[in-house]
Every structure is written in structure tokens, then in C-alpha cells.
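Enquirer: The sequence shown begins at 25 in our numbering and counts up one residue at a time.
One structure, as C-alpha cells, below. Some questions next.
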Amino acid sequence: MRRTLTAHRHDAEPGDPDEAAPTRARTARGAEARSILRSGAAARIGAVLLFVGPLVSWAAEFVTAAAWQQPHYSPFYNWVSHLGLTGPSQVAFGQVGNSPLGAVMDTGWVLYGALLIIGALLSFDLRRGARPIAVVVLAVLSGVGVSLVGIFQGSNANVANGLIAFHQFGAQGVMLAGNIMAIVVGATGARIGLGHGRRVASVVLGIVGLVAFPVFMADVFTGWEWNIGMFERAVIYPIMIGHVLLGSGLIAARRVSRRQPVAVGS
25 MRRTLTAHRH DAEPGDPDEA APTRARTARG AEARSILRSG AAARIGAVLL
75 FVGPLVSWAA EFVTAAAWQQ PHYSPFYNWV SHLGLTGPSQ VAFGQVGNSP
125 LGAVMDTGWV LYGALLIIGA LLSFDLRRGA RPIAVVVLAV LSGVGVSLVG
175 IFQGSNANVA NGLIAFHQFG AQGVMLAGNI MAIVVGATGA RIGLGHGRRV
225 ASVVLGIVGL VAFPVFMADV FTGWEWNIGM FERAVIYPIM IGHVLLGSGL
275 IAARRVSRRQ PVAVGS
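If you want it as C-alpha cells, here you go:
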């Protein structure tokens, strides 16, 4: 009985998953080579810290604002920094400030700043050139700024003793550095694994914050002070949303990279 031996073809058909796998692996290695991020467990922790930082601050803000009773806190009318006033009720910067849980807000700001700085240092590889250095420097400036707001209150006592300068430096520093950081992160997003939507959103948020900054400052220095809290948040919230997008984007990118196939023998 004659047998016909049929040789198995080793050449994959076009579109065969076995043929696409090495291509995907090479693409993954190329993206990793261009990446400005660190790798390993520390970097994963850094991404989580970047994501959690603004959430901690928002939680502290919500709890602290809810504790105001006389008067009730208005996010449109009241200064953001009045949430961090401790001690008895006082009239500071033209508004009554009475924040029973002011220490909670101050702690939230300091934690936010620390998480931002540590998260950026753990996430970005400073050996990869100017871009990661720029992001980390801006993160440090932002983190120091928001921490100063929590450490040095916008109180009458600090106005009298001159420490208000640290509060103002911190507030204006984070407003500028934070929004510039959002733009830089968006522009560099392809090298940190951010999707197109997150990259565009980060740039737009930074631009919105920078445009709102001079409007807020004009509202302050002209003495008009109409809905000061609204304009202040128009500068601050884009920064915080940008950090949420950055942290969540890094977490998502690392999950995708762990699923990338590795070419055997490459």
C-alpha cells in the first residue's frame, strides 16, 4: 500500500497569527526603547501614586467643605485656600473663613504634593534625556507648590508675619508649573504609552489652565473678586484632571505591555 507523505508547510500564510507575533514583539521592543519611563515594581507604584494624589486632595476638599456651617462653603465664591484655615472664624482676603476641618485640607494638599513628587521620580527615567527631566522638574515644582499651600495657610496671622509669601509662591507656582506639565506630558505622551485621547486631553487641559490663570489673577488684583473660587478652580482642576489621566494612562500602558508577546530567540 502506497503512502503519500505530505510535508507540513513552515511558511505562514499572510495574516497568520504566528507571523504577526514577531512583528508585534518587535513593535513592543521599539516602543520600549523609545520610552522615557522606568520599569519594574517601583515604576508601577509610581503610576499609582500619580493617580491617587489628586483623588486624595479632592476627597479632603469634599470633606472639609461639607464641614463648613457658618457660613456654608461655596466652591464658586470662596477661595480654595480658605478650606485650609484652622482656628477661629476670621475675615481673610475679603471673605469669612470658618473651616472646622481645615487641618484635613492642609494634610490633603501636603499628601498630594508628596505623592506627585515621589510618583514622578519613580515613573520617569531621568537618563532618557531632556523630556523626562522636564516632566520631573515640573512635577517637583508643582508638588512643592501645593505642599506649601498646605503648610503655610492663607490666614491673617501669616499676612502679618510675612509667611503668606510662601503660600502665594506655592499657589502660583503650582498653577503655572502644573499646567505646563500637563502640556509637556501630552506632547510627550507617545513615549510614555498614553493613548491619543489622553495626549490631546492633557494638552487641552494645560492650555485651559494657563488661559484661566491671568483671568484669575486679574479678578484678584483688580479687586473685583467675582466668583473667585470658580476662576481659581478653572486653573487648578485642569492640573488635577491631568494627573488622573497621566496616572491611569501609565497603569493602563503597563497592563498592555505585560500582554505583549515575546519573540523566541530574538
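Idealized CB from N, CA, C, for every residue including glycine.
Across which residues does DSSP place G61 in a beta bridge pair?
Expert: Reading off the sequence shown, one finds Leu at residue 61, where the question assumed Gly. According to DSSP, L61 bridges with F148.
Enquirer: Please give the ranges of any beta strand (DSSP E) in the stretch 72-128, keeping only runs that are unbroken, at least 3 residues long and fully inside the region.
Expert: Whole beta strand (DSSP E) segments, 3+ residues: 114-116, 119-121.
Enquirer: Per DSSP, what kind of secondary structure is I263 in: helix, strand or coil?
Expert: Correct three-state label for I263: helix.
Enquirer: Runs of 4 residues minimum, wholly inside the stretch 175-233: which ones carry the alpha helix (DSSP H) assignment?
Expert: Counting only runs of 4 or more, we get 180-185, 188-211.
Enquirer: Hey, out of L146, M129, V227, whose CA is closest to V170's CA?
Expert: Ranking L146, M129, V227 by Cα distance to V170 puts M129 first.
Enquirer: Quick one: residues in its chain with C-beta nearer than 7 Å to the C-beta of V134, no 5 flanking neighbours on either side, listed in chain order?
Expert: Within the same chain, V134 has close Cβ partners S171, G174, I175.
Enquirer: Which same chain residues, not among the five before or five after D243, have their C-beta less than 7 Å away from its C-beta?
Expert: Only E249, W250, I252, F255 meet the Cβ criterion.
Enquirer: Around the Cβ of Y97, are there at least 16 other Cβ atoms within 10 angstroms (buried) or fewer (exposed)?
Expert: Under this definition Y97 is a buried residue.
Enquirer: Do you know how far the Cα of I60 is from the Cα of L145?
Expert: The alpha-carbon atoms of L145 and I60 are separated by roughly 12 Å.
Enquirer: Measure the alpha-carbon distance for L274 versus G213 and round it to whole angstroms.
Expert: The alpha-carbon atoms of L274 and G213 are separated by roughly 10 Å.
Enquirer: When you compare the CB positions of S166 and V208, do they come within less than 8 Å of one another, or not?
Expert: Not a contact, by the Cβ cut-off of 8 Å.
Enquirer: Between I69 and the rest of its own chain, which residues show a CB-CB distance below 7 Å, the 5 nearest in sequence each way excluded?
Expert: Contacts found: L146.
Enquirer: Let me know the secondary structure DSSP gives G247 once reduced to three states.
Expert: The answer is coil: DSSP assigns G247 none of H, G, I, E or B.
Enquirer: Give a yes or no on whether the minimum CB-CB distance between A206 and chain B is below 8 Å.
Expert: No chain B is part of this structure, which consists of one protein chain only.
Enquirer: Please say whether G178 and L139 have beta carbons closer to each other than 8 Å?
Expert: In this structure, G178 does not lie closer than 8 Å to L139 by Cβ.
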